[in-house]
Ligand code: IPE
Ligand code: IPE
Ligand code: MG
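In this note's numbering, the protein residues as written are 762 to 1006.
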């Protein structure tokens, strides 16, 4: 089994996943798209548990993008309902696994019941320390960057900071992702080879891993394969191999 081959001392601290392929999974089975989303919940449970068991510190899951608001209303509503139900239903599992829940994205666009469940689950799990599960909800990297730029511009305009103080560190601190290290590994399922506006700033030096597995079929074993692949890579950060040796 691939789990045993993983070097626990070289785990990515933070893994980000673009959970894609729910619609195609359902279509293959002659079902409605929402059936695929419903069946994606099991995969969320699997990777959360898998990461926590290994000792990965943070897991960010792309659950709903800014662009996903443009889907048919019926699908958006069904996704929001599923989200509310899942957050409520999974809080016990999060507690059992010592997982703290957090969220990134544009809260102002989320329905009130969704925000309520989210806040309740975040409050209930806030003292858990084994792992943090970060849900990207109504999130897009460009939204976050624009949001951060506004905050920084406001501070500069009011004289709270000078232009010289605008640097990489300040931008890091102002993004909604500021509490966590940047992901070392980003995984996308379903065979699409794109980033779809996810964590653009934060993945500047992430290792990217693509698999054709559709999200509802994603299991711990697939996660282990991705981590093993990550551990086989040489991360040079602009240097030469010789310098790293
Ligand atoms: C990912 O699955 C889930 C969300 C984007 C919310 P999709 O719904 O994008 O499934 P495909 O890509 O159409 O198969
Ligand atoms: C990206 O998937 C967003 C999430 C997984 C939440 P999409 O299925 O929306 O991405 P595109 O539009 O096909 O690139
Ligand atoms: Mg998709």
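Glycine included, C-beta positions come from ideal geometry on N, C-alpha and C. Values in this document were obtained by computation on a predicted structure and should not be read as measured data.
1) Give me whichever residues DSSP pairs with residue 863 in a beta bridge.
2) Straight-line CA distance for residue 989 to residue 946?
3) Quick check on the contact list: which residues have their beta carbon closer than 5 Å to a heavy atom of ligand 1?
4) Alpha carbon to alpha carbon, what distance is there between residue 956 and residue 779?
5) Ignore the nearest five residues each way along the sequence and tell me which others in residue 887's own chain have a CB closer than 8 Å to its CB.
6) Indicate whether the contact test is met: 3 or more Cβ pairs, each with one atom in the region 842 to 861 and one in the region 791 to 808, closer than 8 Å.
7) DSSP has residue 823 in a bridge; who is on the other side?
8) Does DSSP put residue 796 in a helix, a strand or coil?
9) Go to residue 949, then tell me how far its beta strand (DSSP E) extends in each direction, as first and last residue.
10) Residues in its own chain within less than 6 Å of residue 905 by CB, not counting five upstream and five downstream?
11) Any heavy atom of ligand 2 within a distance shorter than 8 Å of the CB on residue 823?
12) So what does DSSP say about residue 970, is it helix, strand or coil?
13) Taking its Cβ as the centre, do 16 or more other Cβ atoms sit within 10 Å of residue 840, making it buried, or is it exposed?
14) Taking its Cβ as the centre, do 16 or more other Cβ atoms sit within 10 Å of residue 835, making it buried, or is it exposed?
15) How long is the line joining the alpha carbons of residue 763 and residue 776, rounded to whole angstroms?
16) Taking the straight line between their C-alpha atoms, what separation do you get for residue 926 and residue 789?
17) To the nearest angstrom, how far is it from the Cα of residue 951 to the Cα of residue 921?
18) How should residue 825 be labelled, buried or exposed, when 16 other C-beta atoms within 10 angstroms of its C-beta is the threshold for buried?
19) Which of the three DSSP states is assigned to residue 1002 in this structure?
20) What I want to know is whether the C-beta of residue 923 ends up closer than 8 Å to one or more non-hydrogen atoms of ligand 3.
21) Pop quiz: residue 941 and residue 827 are said to be a contact at Cβ under 8 Å. What is the actual Cβ separation, rounded to whole angstroms?
22) How long is the line joining the alpha carbons of residue 959 and residue 765, rounded to whole angstroms?
23) Is it buried or exposed, residue 991, if we count other Cβ atoms within 10 angstroms and call 16 or more buried?
Let me lay it out:
1) Residue mapping note: residue 863 aligns to position 102 of the chain shown, counting from 1. BP columns for residue 863 point to 895.
2) The residue labelled residue 989 in the question sits at position 228 within the chain shown. The residue labelled residue 946 in the question sits at position 185 within the chain shown. If I take the Cα positions, the gap works out to 11 Å.
3) 781, 782, 783, 784 and 785
4) Position 18 of the chain shown, counting from 1, holds the residue named residue 779. Position 195 of the chain shown, counting from 1, holds the residue named residue 956. Their backbone Cα atoms lie some 8 Å apart in a straight line.
5) In the chain shown, counting from the first residue as 1, residue 887 sits at position 126. Taken in chain order, the residues that qualify are 861.
6) yes
7) For the purposes of this step, residue 823 is taken as the residue at position 62 of the chain shown. In DSSP, residue 823 forms a bridge with 779 and 897.
8) Here the question's residue 796 lines up with position 35 in the chain shown. The answer is helix: DSSP assigns residue 796 an H, G or I state.
9) As a position in the chain shown, residue 949 is number 188, starting the count at 1. Residues 946 to 949.
10) Taking the first residue of the chain shown as position 1, residue 905 is located at position 144. Closer than 6 Å at the Cβ level, and outside the excluded window around residue 905, lie 936 and 937.
11) To locate residue 823, count along the chain shown from 1; it is residue 62. Flag set: Cβ of residue 823 near ligand 2.
12) Within the chain shown, the letter at position 209 stands for residue 970. Three-state DSSP puts residue 970 in a strand.
13) Taking the first residue of the chain shown as 1, we reach residue 840 at position 79. Label assigned to residue 840: buried.
14) For the purposes of this step, residue 835 is identified with residue 74 of the chain shown, where counting begins at 1. So residue 835 ends up on the exposed side.
15) In the chain shown, counting from the first residue as 1, residue 763 sits at position 2. In the chain shown, counting from the first residue as 1, residue 776 sits at position 15. Cα to Cα, residue 763 sits roughly 18 Å from residue 776.
16) Walking along the chain shown from the start, residue 926 turns up at place 165. Walking along the chain shown from the start, residue 789 turns up at place 28. Distance between the alpha carbons of residue 926 and residue 789: 53 Å.
17) Within the chain shown, residue 951 is the residue found at index 190, counting from 1. Within the chain shown, residue 921 is the residue found at index 160, counting from 1. When rounded, the distance between both Cα atoms is 46 Å.
18) As a working note, residue 825 is residue 64 in the chain shown. The residue in question, residue 825, is buried, as its Cβ has 16 or more Cβ neighbours within 10 Å.
19) Numbered from its first residue, the chain shown carries residue 1002 at position 241. The answer is helix: DSSP assigns residue 1002 an H, G or I state.
20) Taking the first residue of the chain shown as position 1, residue 923 is located at position 162. Answer for residue 923: no, Cβ out of range of ligand 3.
21) Counting from one through the chain shown, the residue named residue 941 turns up at place 180. Counting from one through the chain shown, the residue named residue 827 turns up at place 66. Contact flag wrong, Cβ pair sits at about 20 Å.
22) Taking the first residue of the chain shown as 1, we reach residue 959 at position 198. Taking the first residue of the chain shown as 1, we reach residue 765 at position 4. Rounded to whole angstroms, residue 959 to residue 765 spans 31 Å at the Cα level.
23) In the chain shown, counting from the first residue as 1, residue 991 sits at position 230. By the neighbour-count rule (16 or more Cβ atoms within 10 Å), residue 991 is buried.
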